[in-house]
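J.:
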Amino acid sequence: MLRTGCLAIAAAASLLIGCGGHEARTLKMRTALDVGAPREAIGALNEELDVKKDDELPKDLEGDNALLVLDRASIQQSLAQFPAASRDFEAADKAIDMLDLAHNAGDTIGQYVFSDSAGRYKAPPYEKLLVNTLNMINYLERDDLNGARVEARRLAVMQRYVAEQLHEKDNAILGLGGFLAGFAFEKSGDADEALRYYDEALAFSGYRALRDPVRALAKVGSYKTPRITSLDGPEPLPEPLEKSGDGEIVLVVGYGRVPHKISNRIPIGLALTLFANDISPNDAATANKLAAQGLVTWVNFPTLGKAQGAYETPACRVDAGYVQLEEAVDIAEQVRTEWHKVEGKIVASAISRMVVRLAAGVGIQAATQNSKSGAVQVVGLLASLGTQGALAALDTPDTRSWETLPARVAVTRVRVPAGRHQIRLEARGVVRTQTIDVPKGGWKVVSLMALR
Amino acid sequence: MNFRFGTSAVPFALSALLAAGAAGCGHKEYVRDSHDPSIDNAAMSTGIDKDDIQRMLSENLNNLRNAPIMDLWRSHKGADTVAVFPFQNATSEHIDSQLSAVLSESETWLVESGVVTMISRERQNQMIAEVEGSQHPVFNPAHVAQYGRQLGAKYFVTGKVEASDERTDDARRVQYFFFMQVIEIETSAIRWQHKAYITKAVR
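What follows is the structure, given as structure tokens:
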């Protein structure tokens, strides 16, 4: 029986030892993005996904590949490959939703016995909301209001879920989502639906450019809230676009990268000090006993790395003049806030796993120590150490997250004479220049995602 | 807290983990419906598939078959010209290509019925481009009467799909409401309208 046990452990360990988790799978991608080589980053992801082309989806989207497809979607968007970005966003959206819905007790047991990464990926609320928010940009860039409205409705479903089931009603992502969704419905001629979304955006700071458009819409729409009516004032509204012969441009700049998760390994004593409030009294007692015996036992758990580009100031020019962008959302801050909510629980489960590992080792040793044969006792000791070692090797910190999200997003909306315009967006050393034709009474959306 | 594992518990648990990891790595193969008709049965997403399209159209077109407008068209012996305009997607799913299939199915049904003269979709697309301008030649539901008049059509068939999409911790449900209507271009009067319901869910 012992031999069988050792073999099983060895087999499991050989499969999983050396697996550095999600963080290691995306290292090449992050390195490429850091040096400003997004095409190489996509190449690295394609390699991980085992696909040959940028528009190819992996055979299996049921596991963590969905996250890699989401990463690829963001990078495709940064390269202005909007149809391919949409396809990736939509495939990943459904796959991540399925993973989320399929979360079950087996995953929780796996997380508390083997590894946090043994469970299915559960996307935090900001990721759920950003899939549809960012995909709206892909459709608006292509003048596809129909597609943008579908994404806006998907966002509304997720927003309702986040507010009602997860009890998060003030997620700042909703501001950016409301800004873009409101625009999609406004330009589709649905004033009330547009006002409903704009009202959500106005609940957050950074959308001053919406003031006049919302005042104008409120004159024709019937949807009213105190926030919308408070915008009304004595100053006259600008002439309608059709009358003035103008058009509008929405500019969106995402820059930097959110902090991604990195694996961490600290001695049990330090973990007990740092996360004393989060550990169950039983686990704390066992762990304290181990620490008191002088056993150096390590706890593996993920922590959050540093965000990139958080202090950048993006620049935007329309023809010869500079345009002021407003910060719409600090996504990096959302990531940190969400992480702090779950960090204690993650360390607690890591300590539980460590206690399980030791208990498994002690169990094996206890089963053999009463043997009269010295050889059996030695084998028992080795098996005990082997079990603990193998289980420690299996314990890969869960470093899964959507790593290619911009750290911050800034937006603005400007009125321009109809006709040809030259747009120049710049952030983190990445520049996008785009010539656009704005029809009379029409609109254009131009974006830059500088993921460095 | 005391943890106690029998000596066989660890290998068993690890074996179970390995088995779980290995599950689903089976061989994949291509199949056709004529060899395995059951492949059409499974719902693969909360979008609309062939079965949903057939059920929605069956409900609506069977109703149209017995509607007064069909009797009127029959009495005119194919003299009435009818255009089919895109169905609006007002749902939370990207089902535009499926709606395009619904449109083609409806067009085919009307052509095969032989009671009206259908206007070619290619001609319609040209007309849409003429009305909307070359810069943004996309169908605009607000201009359907204008398209119809310029095409010389007397009626047009169109429709809309709306949806109620809800999500909880462990399920997502999309309820589709599929409306079809026949509109007289000259008066904008709705001469026929019917609806069908479809629900898809992940649970």
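Residue numbers (the numbering used here), protein chains in the order written: chain A, 1 to 452; chain B, 1001 to 1203.
Beta carbons are placed, not taken as given, at the ideal position from N, Cα and C, and that holds for glycine.
1) If you run the structure through DSSP and keep just helix, strand and coil, what is Y255/A?
2) What would DSSP say about I1119/B, mapped onto helix, strand or coil?
3) Is it buried or exposed, D1040/B, if we count other Cβ atoms within 10 angstroms and call 16 or more buried?
4) Are A191/A and A152/A touching if we call contact CB-CB under 8 Å?
5) Could you check if F1168/B is buried or exposed, using at least 16 other CB atoms within 10 Å of its CB as the buried criterion?
6) What number of angstroms, rounded off, separates the C-alpha of I423/A from the C-alpha of Q434/A?
7) Got a sec, what are the start and stop residues for the beta strand (DSSP E) W402/A sits in?
8) Tell me which residue opens and which closes the alpha helix (DSSP H) that F183/A is part of.
9) The beta strand (DSSP E) spanning P267/A covers which residue range?
10) Exposed or buried, what is D398/A when buried is set at 16 or more other beta-carbons lying within 10 Å of its beta-carbon?
11) Less than 8 Å between the C-beta atoms of A458/A and L68/A, yes or no?
12) Please list, in chain order, the residues of the stretch 1075-1098 of chain B that have any C-beta partner in chain A closer than 9 Å.
13) What in chain A is Cβ-close to A1222/B, meaning under 9 Å?
14) What separation, rounded to the nearest whole angstrom, lies between the Cα atoms of G1024/B and G1114/B?
15) Quick check on DSSP: helix, strand or coil for A85/A?
16) Which residues in the same chain as A1022/B place their Cβ atom closer than 8 Å to its Cβ, once the five residues preceding and following it in sequence are excluded?
17) List the residues of chain B that K94/A touches, going by C-beta distances under 7 Å, in chain order.
18) Taking just the CA atoms, how far does A1090/B sit from A1163/B?
19) What is the DSSP secondary structure of Q1175/B, reduced to helix, strand or coil?
20) Provide the residue span of the alpha helix (DSSP H) that contains K1200/B, from first to last.
21) Using 10 angstroms around the beta-carbon of I1183/B, count the other beta-carbons present and answer buried if the total reaches 16, otherwise exposed.
22) Does A315/A come out as helix, strand or coil in the three-state DSSP assignment?
23) Are S401/A and K219/A close, meaning C-beta to C-beta below 8 Å?
24) Please go through the same chain and pick out, in chain order, the residues whose beta-carbon is closer than 8 Å to the beta-carbon of K345/A, but skip the five residues on each side of it.
25) How is K1160/B classed by DSSP in three states: helix, strand or coil?
26) Indicate whether at least one CB of chain A lies closer than 8 Å to the CB of V1202/B.
27) Closer than 7 Å by beta-carbon distance: list the chain A residues that pair up with R1172/B, in chain order.
28) Less than 6 Å between C-beta atoms, sequence neighbours within five positions excluded: which residues of the same chain meet that for L1057/B?
29) With 16 other CB atoms within 10 Å as the buried threshold, where does V162/A fall?
30) Of all the CB atoms in chain A, is at least one closer than 8 Å to the CB of T1117/B?
31) Rounded to whole angstroms, what is the Cα-Cα separation between V35/A and L274/A?
32) Below 8 Å, can you find three or more Cβ-Cβ pairs linking the stretch 309-325 of chain A to the stretch 423-432 of chain A?
33) Would you say R1204/B reaches chain A, if we count a Cβ-Cβ gap shorter than 8 Å as a contact?
34) Roughly how far, in whole angstroms, is the beta-carbon of Q1098/B from the beta-carbon of G1047/B, given that I think they are within contact range, below 8 Å?
35) From which residue to which residue does the alpha helix (DSSP H) around L202/A run?
36) Distance, Cα to Cα, A1189/B vs L1103/B?
T.: From the atom records:
1) Here residue 255/A corresponds to residue number 255 of the first sequence, with the count starting at 1. Strand.
2) Locating residue 1119/B in the second sequence gives position 119, counting from the first residue. The answer is coil: DSSP assigns I1119/B none of H, G, I, E or B.
3) For the purposes of this step, residue 1040/B is taken as the residue at position 40 of the second sequence. Of the other Cβ atoms in all chains shown, fewer than 16 fall within 10 Å of the Cβ of D1040/B; this residue is therefore exposed.
4) For the purposes of this step, residue 191/A is taken as residue 191 along the first sequence, with counting starting at 1. For the purposes of this step, residue 152/A is taken as residue 152 along the first sequence, with counting starting at 1. For A191/A and A152/A, no; Cβs fall outside 8 Å.
5) Reading the second sequence from its first residue, position 168 is the one you call residue 1168/B. Note on identity: in this sequence residue 1168/B is Thr, with Phe being the wrong assignment. Exposed is the call here.
6) Indexing the first sequence from 1 puts residue 423/A at position 423. Indexing the first sequence from 1 puts residue 434/A at position 434. I423/A and Q434/A have their C-alpha atoms spaced approximately 5 Å apart.
7) Reading the first sequence from its first residue, position 402 is the one you call residue 402/A. DSSP places W402/A outside any beta strand (DSSP E), giving it a letter other than H or E.
8) Locating residue 183/A in the first sequence gives position 183, counting from the first residue. Note, F183/A: alpha helix (DSSP H), 173-187.
9) As a working mapping, residue 267/A is identified with position 267 in the first sequence. Taken as a continuous stretch (DSSP letters only), the beta strand (DSSP E) holding P267/A covers 261-267.
10) For the purposes of this step, residue 398/A is identified with residue 398 of the first sequence, where counting begins at 1. Buried: at least 16 other Cβ atoms inside 10 Å.
11) Since the first residue shown for chain A is 1 and the last is 452, residue 458/A is missing from the structure and cannot be characterised.
12) Cβ contacts with chain A come from Q1088, N1089, A1090, T1091, S1092, E1093, H1094, I1095, D1096.
13) This structure cannot speak to residue 1222/B, because chain B is shown only from 1001 to 1203.
14) Counted from its first residue, the second sequence places residue 1024/B at position 24. Counted from its first residue, the second sequence places residue 1114/B at position 114. Note that G1024/B scores a pLDDT of 43, beneath 50, so its modelled location is shaky and nothing firm can be said.
15) Residue 85/A sits at position 85 when you count from the first residue of the first sequence. It is helical.
16) Locating residue 1022/B in the second sequence gives position 22, counting from the first residue. Unreliable positioning characterises A1022/B in this predicted model, as indicated by a pLDDT of 44, which lies under 50. The coordinate reading is nonetheless provided below. No residues qualify anywhere along the chain.
17) Within the first sequence, numbered from 1, the residue matching residue 94/A stands at position 94. S1045, listed in chain order.
18) The residue labelled residue 1163/B in the question sits at position 163 within the second sequence. The residue labelled residue 1090/B in the question sits at position 90 within the second sequence. Near 7 Å, if we compare the C-alpha coordinates of A1090/B and A1163/B.
19) As a working mapping, residue 1175/B is identified with position 175 in the second sequence. Here Q1175/B carries a strand assignment [DSSP, helix/strand/coil].
20) Reading the second sequence from its first residue, position 200 is the one you call residue 1200/B. Counting along the chain, no alpha helix (DSSP H) covers K1200/B; the unbroken beta strand (DSSP E) around it starts and ends at 1190-1202.
21) Position 183 of the second sequence holds residue 1183/B. Its Cβ being crowded by 16 or more others within 10 Å, I1183/B is buried.
22) For the purposes of this step, residue 315/A is taken as residue 315 along the first sequence, with counting starting at 1. Judged by DSSP in its simplified three-state form, A315/A adopts strand.
23) Taking the first residue of the first sequence as 1, we reach residue 401/A at position 401. Taking the first residue of the first sequence as 1, we reach residue 219/A at position 219. Here S401/A is not near K219/A, since their CB atoms are 8 Å or more apart.
24) Looking up residue 345/A in the first sequence gives position 345. The answer, listed in chain order, is D278.
25) As a working note, residue 1160/B is residue 160 in the second sequence. Three-state DSSP puts K1160/B in a strand.
26) Mapped onto the second sequence, residue 1202/B falls at position 202. Answer yes: the Cβ-Cβ gap between V1202/B and chain A drops below 8 Å somewhere.
27) Position 172 of the second sequence, counting from 1, holds the residue named residue 1172/B. D97, L101, listed in chain order.
28) Within the second sequence, the letter at position 57 stands for residue 1057/B. Excluding residues within five positions, the ones whose Cβ falls inside 6 Å are E1105.
29) Sequence index remark: in the first sequence, residue 162/A carries index 162 (1-based). V162/A is buried by the Cβ-count criterion.
30) Here residue 1117/B refers to the residue found at position 117 of the second sequence. Closer than 8 Å: no.
31) Reading the first sequence from its first residue, position 35 is the one you call residue 35/A. Reading the first sequence from its first residue, position 274 is the one you call residue 274/A. Roughly 35 Å between the two C-alpha positions.
32) Between the stretch 309-325 of chain A and the stretch 423-432 of chain A there are three or more inter-stretch CB-CB distances shorter than 8 Å, so the stretches are counted as touching.
33) The requested residue 1204/B is not part of the displayed model; chain B covers only 1001 to 1203.
34) For the purposes of this step, residue 1098/B is taken as the residue at position 98 of the second sequence. For the purposes of this step, residue 1047/B is taken as the residue at position 47 of the second sequence. Right, the Cβ-Cβ distance comes to about 7 Å (below 8 Å), so this counts as a contact.
35) For the purposes of this step, residue 202/A is identified with residue 202 of the first sequence, where counting begins at 1. 191-202 is the extent of the alpha helix (DSSP H) around L202/A.
36) As a working mapping, residue 1189/B is identified with position 189 in the second sequence. As a working mapping, residue 1103/B is identified with position 103 in the second sequence. Roughly 21 Å separates the two Cα atoms.
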